[in-house]
Amino acid sequence: ICGLFVSGCATPLRLDRDASTAAKCIGAAQGDVKFISYCEYAKGKEKEKFQRFYQGVVVLTPESLHVLRCKLLTSSSREEISIPYSEMTGVGMGHFGRGTQVQILNGEQVVAIQITKNKALLDREGSEQVLKFITVRGVCTFKSEKFYHPAFSRPTIVQ
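21 is the number of the first residue of the sequence shown in this note's numbering; add one for each residue after it.
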């Protein structure tokens with residue numbers, strides 16, 4: 021028996037090609053989009069297990085971080101998260117093996133974002149760019165001791 025495994029890959033996003041679509045989705049000018057990339061993200065309370073990670077697109081502007089919930093960026097992608105840098109209480113980087121995760125504190129809420137190049141490959145360099153972009157805007161860094169994973173339910177065993 022032979023099978024084919026199809027991964028959820030996509031062409032990496034580029035500012036010169038994709039900024040106008042992202043800008044329309046977040047209600048910004050195209051020139052305000054300074055970073056754009058595919059990601060997986062979750063949000064929740066700091067001490068909770070996250071129930072689910074979603075596929076999306078992270079967009080950085082001079083004033084805010086935006087996350088669109090979508091599998092592929094289109095003009096109908098909807099905004100899920102928008103946090104002005106002035107409202108962030110901290111930003112850090114979580115590590116798990118070779119994986120990196122940007123973690124944003126906003127009061128008691130944590131937003132965990134795993135930057136990906138093409139929805140499949142984790143992008144350490146992209147994560148470092150996001151961290152630097154946010155800290156340059158005055159958000160304090162913290163040393164993250166945690167890497168958020170989705171909470172898995174016990175599998176049902178069928179006999």
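All residues carry an ideal CB built from backbone N, CA and C; glycine is no exception.
Open item on the list: DSSP has K63 in a bridge; who is on the other side?
Closed with: Per DSSP, V131.
Task: the segment 116 to 134 in contact with the segment 150 to 164 per 3-pair CB rule at 8 Å - done: Between the segment 116 to 134 and the segment 150 to 164, the count of Cβ pairs shorter than 8 Å is three or higher; the stretches touch.
Open item on the list: Taking the alpha carbon of E128 as the reference point, which residue from M108, G117 and M113 has its own alpha carbon closest?
Closed with: A check of alpha carbon separations from E128 across M108, G117 and M113 identifies M108 as the nearest.
TODO: Would you please state the rounded distance, in angstroms, between the beta carbons of E66 and V159? I believe it to be under 8 Å.
DONE: About 16 Å separates the CB atoms of E66 and V159; that is not less than 8 Å, and the two are not in contact.
Task: Inter-residue CB distance, A62 and A132 (contact presumed, cutoff 8 Å) - done: Yes, they are in contact, since the Cβ atoms of A62 and A132 sit about 5 Å apart, within 8 Å.
- [ ] Give the secondary structure of I21 by DSSP, where H, G and I count as helix, E and B as strand, and everything else as coil.
- [x] Because the pLDDT at I21 is just 39, under 50, the model does not fix this residue reliably, and the point stays unresolved.
Task: Exposure of E145, with buried meaning 16 or more beta-carbon neighbours within 10 Å - done: With fewer than 16 other Cβ atoms within 10 Å, it is exposed.
Task: V53 classed as buried or exposed, judged by whether at least 16 other C-beta atoms fall within 10 angstroms - done: Under this definition V53 is a buried residue.
Open item on the list: Quick check: the Cα distance between G64 and L142, rounded to an integer number of angstroms?
Closed with: The straight-line gap from Cα to Cα measures roughly 22 Å.
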